[in-house]
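What follows is a set of notes on a single structure, which appears directly below.
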Amino acid sequence: MKRFILNTILFSVVLLISFYVILLSADGYSDPFYLKFTTPKQNNLILGTSKAAQGLNPYVINEILDTEMYNYSFSINSSPYGIKYLESVKRKLSYKKVSGIFIVSVDSWSISSLGKDPNDIPIFRENNSCVGTLDVVDKNPNFSYLLKFMSGNYYKILHKQSVAKLHENGWLDVSLSLDSTSVYRRTKSTLLGYEKYLSTYNYSQVRFEYLIETIKFLNTYGNVYLVRLPTSVGLMKIENQLIPNFNEKLKPAIEITSGYLDLADKNSDYKYTDGVHLSKNSGKLVSEEISYWIKNIENAQTQNSTNN
Amino acid sequence: MLFNTIDFALFLPIVFFLYWFLTDKNLKLQNLLIVISSYIFYGWWDWRFLLLILFSTLIDYIIGLQLAKQEDKQHRKILLWASLVVNLGFLGFFKYYNFFLDNFTTAFSFFGADIKSNSLSIILPIGISFYTFQTLSYTIDIYKKNLQPTKDFLAFAAFVSFFPQLVAGPIERASNLLPQFYKKRKFNYHLAVDGMQQIVWGLFKKMVIADNCAEYADVIFDNSADYSGSTLVLGAVFFAFQIYGDFSGYSDIAIGTSRLFGFNLKQNFAFPYFSRDIAEFWRRWHISLSTWFRDYLYIPLGGSRVGAWKKVRNIFIIFIVSGFWHGANWTFIVWGTLNAVYFLPVLLSNNNRKNLDSVAKGKYFPTIKELSSMFITFALTLLGWIFFRAESLQHAFQYISEIMSYSLFDMPYFMGIRKAGMVSILIVFFLLIEWLGREQQYAIEKMNLPKNKIFKWVFYYSIVMLIFLYGTTSNDFIYFQF
């Protein structure tokens, strides 16, 4: 018995040390969200779903606005607007600055819910996600995340290669082939999925109120800029079916921000990897456009305050 | 409680220590600990259904004792029927009530009768089919005077609820397992090490092979209308490995866990995908259920010592009942029927006991003939699995008709095909280990590694690391639903 227990303990200790060492080497290739929970609290944030996570590039924005943006966007399932995302944003904010810049990206999905009652908070889809459950969002290494949300994917930690790399500034850098056949195939499959969503998603008043709540909270620490990112014409049709008068509905939120930029008019100017997400180059262009738009507003504000 | 969870990883060592250090001096106390642990294990999922197990235990314990006292044939029959009605009654209500109701309603509606049915939202108690069959075998064996009833209620309760095999088998016979509760168990180092090895291999099968295959099998089966015939074939292959890894993995963990407590359970899977004909497959797949049906249904019906037509009838009966045992859906019944159709030519040509040994015994490689026989048998089971996995008969037929189309020659494509390549490598590794260990109780029982202990440790370390790196922890075992 003694021999059995000793051998079991010895074997377990060796294994636990190995697990620990492997988990310690998790990085941006290992998981599309992990680093968002290991980096320090931030002054300037980009919020939204995966469209923003991939499409809004902090490197570009930082250069134009001379700041340090952090992309704290996740996905359609993890970060639609709601109490859980707001709480997570509150945890990620440093509270050191009152002149921060916050880019809040919004689309039909981020203010919609699954199911018959889209306002039933206890069944919101993000409740059990990393955004909904992690209390600590700035600890490195973040074992809570690794153990709860990466199980089944630890091999990725060792592979060190993936089509998606999460940068330290939260930008999800996705390198997918952009040849027309691949894009067509991905777009067809993704849009088919979104068409299916259409029958299960409904506009949520509660989510919209939380969007307003989030903007109000961020207003205390800087300027909030609301944006609607461009997307493929096919997806836009589906989004318009989900919330027909999107901009009209958004008005109460727009009124409390420093500005609203709707890029939906320019949908066909950009390229998408799968009909939903901007390609890397198009993401740079969109980030540039948004940055200059913000710069102009900020300059005008500075001008006004100087004049006053 | 699931074997592949942190809960069980904590539960097992606690019970192990209490069992060998606190209660080892007293057999009754040790059996009591097994009963309590087993009830906690089961109640972790839903404590309300513990009453069902307790009730079944009481009924069969009392009926067993009464059967031993009673010599009158008529009375003995009544007692047997009482046990059958109670046990199968529970099973029938929880598992088949809605199925029969829906089918009766459909049938009567077809003939113009307007029937309003009241289907109930019934939760199926996990493992009910397994422990029901285990307790039934006890009563039937006593009725047939093949077994003496036990007067030790604690031992009987432990036999019915023994946690390693309570919810998904192996379905143990009282003649094998019950006597083990009468004797004092002694800790045996080699048995315990063997148990640990089998647990590790079971976890590998479940968490690495089954759960990863499940990811693709689910995607392909759930969206089968969108995929080509070649992709659908891959979906069926993934499902074949999912169900094998899942169920035989559970059996390995159950047998291994039992060994840690000094018990020996019977082998439940004997490398079925290396079978050369369908009869061999059924001698190697879910052995405890196949032998249960053989002993309590097939042989009482006359088995194969009857005329040709009765043989055919008997084969259809056991395969259809076996299909129905798996679930209240026509897909399972067709799966059973299909296997009966496969089995008949082998039986009627007296070739059903042709391949009793392991394939290529004592050799590294099979002959071309053996390889092609294995391939054909696997292809036949694959067709059966499509019915087993499909949501409905219509779904299964659509799935098969797409496979039969020209799209069978397209390049397979589905979301996540890159990771699927890696999973395929793991399947090849798994098959290789299974092939090398096919003459043993489980694949890694006696690896032909160099005598040096370090090689052994490195091998087991590698298997656990593969579980850690590629395994998932969230999926239920498929056979819980049966």
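As you go down the protein sequences, you meet chains A and B in turn.
Taking our numbering, I'd label the letters of the first sequence as residues 8 to 315.
Taking our numbering, I'd label the letters of the second sequence as residues -6 to 475.
For glycine and all other residues, C-beta sits at the position ideal for the given N, C-alpha and C.
Counted as a single uninterrupted DSSP element, the stretch harbouring M157 of chain A is not any alpha helix (DSSP H), since DSSP gives it neither H nor E. Not flagged as an interface residue toward chain B: T194 of chain A, since no C-beta distance is shorter than 9 Å.
Interface annotation, Y32 of chain B: not in contact with chain A, CB-CB separation never under 9 Å. If you draw a straight line from the Cα of L376 of chain B to the Cα of S315 of chain B, it is about 17 Å long. Identification of chain A residues near Y136 of chain B by a Cβ-Cβ cut-off of 7 Å yields none; the smallest Cβ-Cβ distance measures about 42 Å. Closest in alpha carbon position to Y102 of chain A, among A:I304, A:L268, A:P47, is A:P47. Using beta-carbon distances, G316 of chain B does not count as an interface residue toward chain A, since no partner is under 9 Å. Between the alpha carbons of A33 of chain A and G177 of chain A lies a gap of roughly 15 Å. Across the structure, I46 of chain B and S154 of chain B are spaced so that their CA atoms are roughly 7 Å apart. Only buried fits E133 of chain A, as 16 or more other CB atoms lie within 10 angstroms of its CB.
Along the stretch 16 to 32 of chain A, going in chain order, the ones with a CB nearer than 8 Å to a CB of chain B are F18, V21, L22, S25, F26, I29. Proximity to V201 of chain B across B:L424, B:L11, B:F4 peaks at B:L424, based on C-alpha coordinates.
About 18 Å separates the beta carbons of Y27 of chain A and K167 of chain A, which is beyond the 8 Å limit, so they are not a contact pair. Against chain B, the beta carbon of R10 of chain A has neighbours under 7 Å at Y182, listed in chain order. Taking a contact to require three or more Cβ pairs closer than 8 Å, the stretch 131 to 143 of chain B and the stretch 11 to 21 of chain B do not qualify as touching. Secondary structure of L349 of chain B (DSSP, three-state): coil. Of all residues in the stretch 7 to 22 of chain B, only W13 place a beta-carbon less than 7 Å from a beta-carbon of chain A.
In the structure shown, M397 of chain B falls within a coil segment according to DSSP collapsed to helix, strand and coil. Around A185 of chain B, the beta-carbon contacts reaching into chain A at under 7 Å are F11.
Secondary structure remark: continuous alpha helix (DSSP H) runs of at least 4 residues inside the stretch 192 to 252 of chain B, in chain order: 204 to 215. If you keep only unbroken alpha helix (DSSP H) runs of at least 4 residues inside the stretch 10 to 80 of chain A, you get 57 to 62, 65 to 72.
Residue nearest to E165 of chain B within the set B:W285, B:W450, B:E432 is B:W285 (criterion: CA-CA distance).
Look at V352 of chain B: its C-beta is not under 9 Å from any C-beta on chain A. For N14 of chain A, the closest Cβ of chain B is nearer than 9 Å. For L462 of chain B, the closest of B:A185, B:W74, B:I55, B:N205 by C-alpha to C-alpha distance is B:N205. Contact between S241 of chain B and F262 of chain B holds: CB atoms are separated by about 4 Å, below the 8 Å threshold. Annotation: Y54 of chain B has no Cβ neighbours in chain A at a cutoff of 7 Å; minimum Cβ distance is about 33 Å. When C-beta atoms of the stretch 211 to 231 of chain A are compared with those of the stretch 262 to 279 of chain A, three or more pairs fall below 8 Å, so the two segments count as touching.
Secondary structure at R166 of chain B: coil, using DSSP grouped into helix, strand and coil.
Runs of beta strand (DSSP E) with 3 or more residues, each lying fully within the stretch 128 to 156 of chain B, are absent. Each residue's CA atom was taken as its position, placing Q387 of chain B and N216 of chain B some 14 Å apart. Of all residues in the stretch 252 to 269 of chain A, none places a beta-carbon less than 8 Å from a beta-carbon of chain B. Within the model, the alpha-carbon separation for P293 of chain B versus K303 of chain B is close to 12 Å.
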